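Everything on this sheet refers to the single structure shown next.
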Amino acid sequence: MLSFIEDNSHPFDYVERLEGVPDGVEARVVRMTPDLPFDAMVAMPADRVPADVEAEPVGNHVVIHHAFPDLGPAEDWVVAWVNRCPASDFPRNR
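The numbering used here numbers the first residue of the sequence shown as 232 and each following residue consecutively.
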């Protein structure tokens, strides 16, 4: 099950990470300061990127991100991208 967990270990205004993502995938929402938008980010192994996505790998991963003025749409975007990861033999992180 996917769920967001607030992460207070960072010096930023707001950070949360998505739990329950497939192994090798990282998903989070960050806002550096209250005056900036929320940055939604998903990092996944390059071989797990959906075929219709144009993305440049960095090493063996691809990082996709987008800025949103509000938290709700940022969370929805992150969940949608994680759900687009092709099915694999990877278990989900707990």
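Even glycine gets a Cβ: it sits at the ideal position worked out from N, Cα and C. The model shown is predicted, which means the values in this text are computed figures rather than measured ones.
In three-state terms, what does DSSP make of valine 284? As a working mapping, residue 284 is identified with position 53 in the sequence shown. Three-state result, valine 284: coil.
Given isoleucine 236, which residues of its chain have a CB within under 7 Å of its CB, disregarding the five upstream and five downstream residues? Taking the first residue of the sequence shown as 1, we reach residue 236 at position 5. Hits under 7 Å: Glu247, Arg248, Glu250.
How far does the alpha helix (DSSP H) with leucine 302 in it reach, from first residue to last? Along the sequence shown, read from residue 1 onward, the residue named residue 302 stands at position 71. 302-315 is the extent of the alpha helix (DSSP H) around leucine 302.
Just checking my contact of phenylalanine 299 with proline 268 at CB under 8 Å: how many whole Å lie between their CB atoms? Numbered from 1 along the sequence shown, position 68 holds the residue referred to as residue 299. Numbered from 1 along the sequence shown, position 37 holds the residue referred to as residue 268. Correct: roughly 6 Å between the Cβ atoms.
Whose C-alpha, out of Asp301, Val280, Asp254, is nearest the C-alpha of valine 293? One-based indexing of the sequence shown puts residue 293 at position 62. Nearest C-alpha to valine 293: Val280.
Residues bridged to arginine 262 [DSSP beta-bridge criterion]: Sequence index remark: in the sequence shown, residue 262 carries index 31 (1-based). DSSP, once it has assigned bridges, lists Tyr245 as partnering arginine 262.
Could you give the C-beta distance for valine 342 and valine 256, rounded to a whole number, given that I count them as a contact under 8 Å? Any property of residue 342 remains undetermined from this structure, which presents the chain solely from 232 to 325.
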